[in-house]
Each structure stands twice: as structure tokens, then as C-alpha cells.
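Asks:
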Amino acid sequence: MICLFLTIISYIFQSGWTGVNERTFIAVKPDGVQRKLVGEIVRRFEKKGFKLVGLKLVRASEDILREHYWDLRTKPFYNRLISYMSSGPVVAMVWQGLEVVKTARKMLGETNPAESLPGTIRGDFCVEVGKNVIHGSDSVESAQREISLWFGPKELHRWKSSSSQWIY
Ligand code: RTP
Ligand code: MG
779 MICLFLTIIS YIFQSGWTGV NERTFIAVKP DGVQRKLVGE IVRRFEKKGF KLVGLKLVRA
839 SEDILREHYW DLRTKPFYNR LISYMSSGPV VAMVWQGLEV VKTARKMLGE TNPAESLPGT
899 IRGDFCVEVG KNVIHGSDSV ESAQREISLW FGPKELHRWK SSSSQWIY
């Protein structure tokens, strides 16, 4: 029910989130926070040229996590995943820019770190699929749903980036 509501809301706001205004939801998972990877991950997204529009350190409730990973609810690793994601704070972020959803997934690497190329975040900083340090939305639609789930409208900031004219 909540999922349907969020999908409708995100569909309504969809038109504003395209082109250079496309947004994705990125989260440094509890192992990434514990391993002090927050700065490195933020640095990579900043240096790439994407714009940070939301960021917070949050201990996710089980309700949010179950909603977030709703599509995986029948997978054998689902309960382990929920318990891993609730084992400590995560750094939730929204990044904006042209093709940010697709590009962020490339920056993350494959789900399994062993299949992730060096140079990607998972390829450089982790070894096991169950502790793969970072989440990234897998489509524009998922991004809209996840951003609405994790952030309130007042937590997303509109600001003019002085470097955008050198990026676009
Ligand atoms: P994410 O949603 O976290 O960005 O990861 P993803 O799209 O690359 O992969 P997805 O299929 O959505 O899986 C979500 C997370 O579940 C854990 N996982 N464990 N075989 C396993 O034990 C297994 N498979 C997936 C990973 O933490 C994965 O990122
Ligand atoms: Mg996923």
C-alpha cells in the first residue's frame, strides 16, 4: 500500500527529475560507515561532477528497510540483508546530474564485489556480497521511490552550483 502511494507520488514529480535534474539515492551502508569510507565515497561523487542535494546520517528503521528492499522480500538472503542494514547508521544521500542513476551504478560496480572492476567503489573497498558498502538506485523510477521513502521534501536542497557551467 505504502509502495503504491510512493509510486504515485514519485510519478507526479517525475517530470522535474529528468536531464540535468535527474536524481539518485545513494546510501553508504553500515559497514561503509564503520570502515570510514564516507569521505572517500562523497569525494568520488563530487569530483565526478554530480551535485549533492540531500545528506544525513540515519539509523534506518526496520519498516523503512523492508519497504526499501520490498522487491527482494522472497530472496533467501532477505532477513540477513535487513539485519545487516539495521546494524548501524547509514549515510543517506541524494545526488543530482545528467544520467546520474546509470553513472552511479557504474561507479558502484557490480553487486558482488568479486565481479566489480578495480576503480569502482565495490571493486576497490570490499570483498563480499553481504557487505558491499554502498547502495545505489537501479533505475530512475526506483530512485524516485527511494528518495521519497528516505527524505522529506524539506531535506532536499535547491542550490546553484558555481561549477555547473564548467560541467554542462
Ligand atoms: P543495492 O540495492 O544495495 O544497491 O545492491 P544491488 O542493486 O547491486 O543488488 P540487489 O540485487 O538490489 O541486492 C541488494 C543487496 O542485497 C545484498 N545481497 N546479498 N547472495 C547474497 O547473499 C546477496 N545478494 C544480494 C547485497 O548487499 C546487495 O547490495
Ligand atoms: Mg538494488
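Per our numbering, residue 779 is the first one in the sequence shown, and the count goes up by one each step.
Note that beta-carbon positions come from the ideal geometry of N, C-alpha and C, so glycine has one too.
1) How is the alpha helix (DSSP H) around A882 delimited, first residue to last?
2) In the DSSP assignment, find the alpha helix (DSSP H) that holds A921 and state where it starts and stops.
3) From what residue to what residue does the alpha helix (DSSP H) around Q773 run?
4) Taking 6 angstroms as the cut-off, is the beta-carbon of D902 closer than that to any non-hydrogen atom of the ligand MG?
5) Is it right to say R851 is buried, meaning 16 or more other beta carbons lie within 10 angstroms of its own, or is it exposed?
6) Suppose you measure from the CA of R936 to the CA of L830; what does that come to, to the nearest Å?
7) Can you check whether the CB of L927 is closer than 7 angstroms to the CB of E845?
8) Could you check whether the Cβ of N799 sits closer than 6 angstroms to any heavy atom belonging to the ligand RTP?
9) With C-beta atoms as the reference, is P891 less than 7 angstroms away from C904?
10) Can you give me the C-alpha to C-alpha distance between V869 and Q922, rounded to a whole angstrom?
11) Tell me, to the nearest whole angstrom, how far the beta carbon of K826 is from that of M885; I am working on the premise that it is less than 8 angstroms.
12) Could you spell out where the alpha helix (DSSP H) holding G901 opens and where it closes?
13) What does G914 pair with, by DSSP beta-bridge criteria?
Replies: Working from what's here:
1) V878 to L886
2) V918 to W928
3) Limits of the chain in this structure are 779 at one end and 946 at the other, which puts residue 773 out of reach.
4) no
5) exposed
6) 10 angstroms
7) yes
8) no
9) yes
10) 18 angstroms
11) 7 angstroms
12) I899 to F903
13) I804
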